[in-house]
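If you read the sequence shown in this note's numbering, its first letter stands for residue 1, the second for the next number, and so on. Note that CB positions come from ideal geometry on N, CA and C, so glycine has one too. Everything on this sheet refers to the single structure shown next.
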Amino acid sequence: MRVQPEGGPSHWVDGRVQPSSDGSFTVAMMLPPDMPTGPALASIVNWWEVAECPDNASCAAAEGSFEVVPPQISD
């Protein structure tokens with residue numbers, strides 16, 4: 001997986017993805033400690049190695065946006 005804060009450098013993180021039959025997916029990943037809070041993007045790095053997309057088609061990328069929030073500390 002590659003994660004990238006909005007306007008910042010990308011980071012490589014481990015993550016396993018198992019797509020549903022409709023193509024949607026979820027993934028759990030550990031973000032690097034220096035990942036800033038705010039909007040970010042996650043994408044599957046080797047998506048095109050397994051995706052079937054004709055050369056003359058416009059295909060969706062396996063990526064999604066998310067929000068990095070500070071950890072919640074409970075008393």
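In this structure, the straight-line span from the alpha carbon of A42 to that of E67 is close to 10 Å. The C-beta separation of M29 from V13 comes to about 5 Å, placing the pair in contact by the 8 Å criterion.
In this structure, the beta-carbon distance from T37 to P70 falls below 8 Å. Ranked by how close their Cα comes to the Cα of E63, the residues P9, A40, L31, D22 have A40 in first place.
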